[in-house]
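See below for the structure under consideration.
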Amino acid sequence: MTATIYHNPRCSKSRQALALLEEKGIDANIKLYLKESLTAKELKELISDLGIKAHDILRTKEVEYKELGLSAESTESDIINALINTPKLLERPIVKTVKGARIGRPTDAILDIL
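For what it's worth, our numbering labels the leading residue of the sequence shown as 2, then goes sequentially.
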(Lines of atoms letter the chains of each structure in order from A; the text may use other names.)
(Lines give C-alpha, C1' and ligand atoms only; values in the text may rest on other atoms or scores of the structure.)
Protein backbone atom coordinates (compact mmCIF):
# COMPACT_ATOMS: atom_id res chain seq x y z
CA MET A 2 0.00 0.00 0.00
CA THR A 3 1.06 3.56 -0.59
CA ALA A 4 -0.11 6.72 1.10
CA THR A 5 0.18 10.41 0.42
CA ILE A 6 0.96 12.56 3.42
CA TYR A 7 0.56 16.32 3.36
CA HIS A 8 3.50 16.95 5.60
CA ASN A 9 5.16 19.73 7.56
CA PRO A 10 8.46 18.39 8.94
CA ARG A 11 8.41 21.02 11.72
CA CYS A 12 5.11 19.69 13.10
CA SER A 13 5.34 16.93 15.71
CA LYS A 14 1.96 15.43 14.73
CA SER A 15 3.04 15.34 11.11
CA ARG A 16 6.30 13.61 12.05
CA GLN A 17 4.33 11.12 14.18
CA ALA A 18 2.03 10.30 11.26
CA LEU A 19 4.99 9.77 8.93
CA ALA A 20 6.65 7.52 11.54
CA LEU A 21 3.42 5.50 11.84
CA LEU A 22 3.34 5.00 8.07
CA GLU A 23 6.96 3.84 8.13
CA GLU A 24 6.27 1.54 11.10
CA LYS A 25 3.41 -0.07 9.16
CA GLY A 26 5.66 -0.55 6.10
CA ILE A 27 3.64 1.85 3.98
CA ASP A 28 5.40 3.74 1.21
CA ALA A 29 4.75 7.44 1.73
CA ASN A 30 4.48 9.97 -1.04
CA ILE A 31 5.42 13.09 0.92
CA LYS A 32 3.82 16.36 -0.17
CA LEU A 33 5.65 19.30 1.38
CA TYR A 34 2.70 21.64 0.91
CA LEU A 35 4.54 24.62 2.42
CA LYS A 36 7.10 24.44 -0.40
CA GLU A 37 4.70 23.52 -3.19
CA SER A 38 1.25 25.02 -2.66
CA LEU A 39 -1.67 22.86 -3.61
CA THR A 40 -3.88 23.84 -6.52
CA ALA A 41 -7.56 24.66 -6.19
CA LYS A 42 -8.38 21.32 -7.85
CA GLU A 43 -6.17 19.39 -5.39
CA LEU A 44 -7.71 21.19 -2.41
CA LYS A 45 -11.27 20.53 -3.61
CA GLU A 46 -10.47 16.85 -4.10
CA LEU A 47 -8.84 16.65 -0.66
CA ILE A 48 -11.85 18.28 1.02
CA SER A 49 -14.14 15.86 -0.82
CA ASP A 50 -11.99 12.84 0.08
CA LEU A 51 -11.99 13.91 3.73
CA GLY A 52 -15.77 14.29 3.64
CA ILE A 53 -15.65 17.56 5.56
CA LYS A 54 -16.54 21.20 5.06
CA ALA A 55 -13.78 23.39 3.64
CA HIS A 56 -13.55 25.33 6.91
CA ASP A 57 -12.68 22.12 8.78
CA ILE A 58 -9.37 21.86 6.93
CA LEU A 59 -8.16 25.21 8.32
CA ARG A 60 -5.86 25.91 11.24
CA THR A 61 -8.09 28.48 12.89
CA LYS A 62 -5.59 29.50 15.58
CA GLU A 63 -3.05 30.87 13.10
CA VAL A 64 -2.74 34.65 13.03
CA GLU A 65 -3.35 34.63 9.27
CA TYR A 66 -6.77 33.07 9.79
CA LYS A 67 -7.95 36.21 11.57
CA GLU A 68 -5.96 38.57 9.36
CA LEU A 69 -7.68 37.17 6.28
CA GLY A 70 -11.10 37.54 7.91
CA LEU A 71 -11.87 33.84 7.65
CA SER A 72 -14.71 32.28 9.62
CA ALA A 73 -17.03 29.29 9.62
CA GLU A 74 -19.22 31.31 7.24
CA SER A 75 -16.42 31.81 4.67
CA THR A 76 -17.16 30.37 1.25
CA GLU A 77 -15.29 27.34 -0.03
CA SER A 78 -13.82 29.56 -2.74
CA ASP A 79 -12.49 32.05 -0.16
CA ILE A 80 -11.00 29.22 1.91
CA ILE A 81 -9.35 27.58 -1.08
CA ASN A 82 -7.87 30.91 -2.19
CA ALA A 83 -6.58 31.48 1.35
CA LEU A 84 -4.96 28.03 1.37
CA ILE A 85 -3.32 28.59 -1.99
CA ASN A 86 -1.87 31.92 -0.87
CA THR A 87 -1.20 30.95 2.77
CA PRO A 88 -0.54 27.20 2.84
CA LYS A 89 0.37 27.22 6.55
CA LEU A 90 -3.38 27.45 7.19
CA LEU A 91 -3.80 23.84 6.04
CA GLU A 92 -4.47 21.48 8.94
CA ARG A 93 -1.82 18.83 9.24
CA PRO A 94 -1.02 16.11 8.79
CA ILE A 95 -3.43 14.79 6.21
CA VAL A 96 -2.98 11.21 5.02
CA LYS A 97 -4.66 9.81 1.93
CA THR A 98 -4.79 6.18 0.79
CA VAL A 99 -7.01 4.14 -1.48
CA LYS A 100 -9.22 3.61 1.60
CA GLY A 101 -9.83 7.33 2.15
CA ALA A 102 -8.30 10.41 3.73
CA ARG A 103 -7.98 11.56 7.32
CA ILE A 104 -6.57 14.46 9.28
CA GLY A 105 -4.04 12.88 11.61
CA ARG A 106 -5.11 14.60 14.83
CA PRO A 107 -4.79 12.47 16.83
CA THR A 108 -2.31 10.33 14.91
CA ASP A 109 -4.42 7.21 15.50
CA ALA A 110 -7.14 8.78 13.35
CA ILE A 111 -5.31 7.53 10.26
CA LEU A 112 -5.26 3.87 11.34
CA ASP A 113 -8.61 3.01 9.74
CA ILE A 114 -7.37 3.98 6.26
CA LEU A 115 -4.10 2.02 6.47
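Positions of the beta carbon are idealized from the N, C-alpha and C atoms, including for glycine.
Just so it is clear, the structure is predicted and the values come from calculations on it, not from any experiment.
Check your understanding: In the segment 24-55, which residue ranges form an unbroken alpha helix (DSSP H) of at least 4 residues, counting only runs that do not cross its ends?
Key -> 41-51
Review point. Where do the N-terminal and C-terminal ends of the alpha helix (DSSP H) with ILE111 fall, by residue?
Key: ILE111 -> no alpha helix (DSSP H), and no H or E assigned at all.
Check your understanding: Going by Cα to Cα distance, which pick from ARG11, ALA55 and LEU21 is closest to ILE85?
Key -> ALA55
**Study point:** LYS100 in three-state terms, based on DSSP
**Key:** coil
Review point. Roughly how many angstroms separate the alpha carbons of ILE27 and VAL96, rounded to a whole number?
Key: 12 angstroms
Review point. Alpha carbon to alpha carbon, how far is LEU90 from ALA29?
Key: 22 angstroms
**Study point:** ALA83, DSSP secondary structure in three states
**Key:** helix
Review point. Taking the alpha-carbon positions, what's the TYR34 to VAL64 distance?
Key: 19 angstroms
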